[in-house]
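Below: the structure, in structure tokens.
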Amino acid sequence: MDIWDSTRLFGGMSNPIYAIPDIHGQRAMLEEALARIDHDGGRDAKVVFLGDYVDRGPDSRGVIELLMEGQAAGRNWTILRGNHDQLFLDFLDTGKIHNARFSNPDYTWLHERLGGAATLASYGVLASEARPNHAEATAAVPDAHRAWLSGLPYYLELGELLFVHAGIIPDLPLGHQPHEDLIWIRGTFLDHPAPHPWLVVHGHTALKRPQHFGNRIDLDGGAGWGRPLCPAVFEGRNCWLLTASGRVALPAP
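The opening residue of the sequence shown carries number 106 in the working numbering; numbering runs sequentially from there.
This is the structure in structure tokens:
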């Protein structure tokens, strides 16, 4: 697990941490978000990606390649796992397109709401619920992409902040959190009003825009549905959104 010295990190509130929420195949939006971070904090800035790099958008392959290239070049990036990344990996490994966590039991990963077909299309594979084309997909997706997906961590704890894709089970020690809940949880976490040991920074549940809830911040503004991808910057527990015109505070309620 990528754990950093929180004393060095937050000493004097001078070392900002940047976060990018759910990208969902939107490579052009990702490039713009990274440009804003470079402008605000430089190319050595610490960036945490909150998962869901694939599905729905037009260029899941391009997103994965950009992230892999950045890591290979030594960028100070921590790239967390999301449920859509796991769905893609599960399909590649087993051909599975169903999941008990789907909100509608009739959905599959290749349903238009989930967007798996768009991911496979970015690799040149035409797939549908009736014809998943698993063999063609496993041949088309580079082994390096599968290995990269399988190695993504589930969370990052940095001092007063916990970065995770979906959330946590309240009051359960971090080391006991089931991996599936870290990438899928909603109700029990979203409805919990009391403070957590950290300010939890997450995505997964798409809103019209990022929002601070006091004990957590949901940064998923719905890029998977075509809404803007807005990165955030943290100095301690203080948060700003990085907009086209600069930092905009995201205060606690």
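Positions of the beta carbon are idealized from the N, C-alpha and C atoms, including for glycine.
In this text the structure is predicted, and so the values were computed from the model without any measurement.
Backbone CA spacing between residue i and residue j [nearest angstrom]
i, j, result
"H284", "Y260", "9 Å"
"W253", "M173", "8 Å"
"R236", "A226", "13 Å"
"A349", "R180", "23 Å"
"P358", "K151", "26 Å"
"D286", "R352", "32 Å"
"L192", "I202", "8 Å"
"R291", "A271", "7 Å"
"G162", "P275", "32 Å"
"R186", "L155", "7 Å"
"D195", "H239", "11 Å"
"P126", "P336", "7 Å"
"H141", "L347", "The amino acid at residue 141 is misidentified as His; the sequence shows Arg. One C-alpha to the other measures close to 7 Å."
"N120", "W303", "18 Å"
"W182", "L257", "12 Å"
"P210", "A138", "34 Å"
"G319", "I273", "15 Å"
"N204", "D198", "14 Å"
"Y123", "Q176", "16 Å"
"I178", "V338", "Per the sequence shown, residue 178 should be read as Ala rather than Ile. Roughly 22 Å separates the two Cα atoms."
"R332", "L171", "21 Å"
"E234", "F207", "15 Å"
"A242", "K313", "33 Å"
"D149", "L295", "33 Å"
"D248", "L279", "31 Å"
"M106", "D157", "Here M106 scores only 31 on pLDDT, less than 50, and its place in the model is too uncertain to base an answer on."
"L215", "A299", "37 Å"
"V153", "I184", "6 Å"
"H297", "R321", "10 Å"
"I128", "L231", "22 Å"
"V305", "H189", "20 Å"
"G200", "P315", "34 Å"
"D145", "S255", "31 Å"
"Q282", "I169", "26 Å"
Residues near residue i in its chain [Cβ-Cβ closer than 8 Å; skip 5 each side]
i, result
"G229", "A245"
"Y212", "R218, L219"
"E136", "L171"
"G308", "P126, D127, L155, G156, D157, G187, H270, A271, D323, L324, D325"
Extent of the continuous alpha helix (DSSP H) run through residue i
i, result
"D323", "Counting along the chain, D323 falls outside any alpha helix (DSSP H), though it belongs to the beta strand (DSSP E) covering 321-323."
"L139", "132-146"
"G221", "221-226"
"A252", "248-255"
"D190", "188-199"
Residues of its chain near residue i, where Cβ-Cβ distance is below 6 Å and the 5 sequence neighbours each way are ignored
i, result
"S66", "Absent from the structure is residue 66, since the part of the chain shown begins at 106 and ends at 358."
"G167", "R132"
"A311", "D325, G327"
"M134", "A328, L334"
"F115", "Low confidence applies here, because F115 scores a pLDDT of 37, under 50, leaving its location unreliable; read the following figure in that light. Only G264, G341 meet the Cβ criterion."
"R251", "L197"
"W289", "N188, R206, A271"
Segment limits, beta strand (DSSP E) that includes residue i
i, result
"A178", "Careful: A178 lies outside any beta strand (DSSP E) and carries neither H nor E."
"N343", "343-348"
"F154", "151-154"
"E265", "Careful: E265 lies outside any beta strand (DSSP E) and carries neither H nor E."
"A337", "337-340"
"R352", "351-354"
"A235", "Careful: A235 lies outside any beta strand (DSSP E) and carries neither H nor E."
"A240", "First-last for A240: 239-245, but that is the alpha helix (DSSP H), not the beta strand (DSSP E)."
"A124", "122-125"
Residue-chain proximity (residue i, chain C), Cβ-Cβ < 9 Å
i, result
"T293", "This model lacks chain C altogether; it includes just one protein chain."
Chain-order list of residues whose beta-carbon lies under 7 Å from that of residue i (same chain, five-residue window excluded)
i, result
"H317", "C344, L355, P356, A357, P358"
"T293", "I274, P275"
Decide yes or no for the touch test of the region 335-350 against the region 260-274: beta carbon pairs closer than 8 Å, at least 3 of them. yes
Which parts of the region 275-319 are runs of the beta strand (DSSP E), unbroken and 3 residues or longer, counting only runs that do not cross its ends? 304-307
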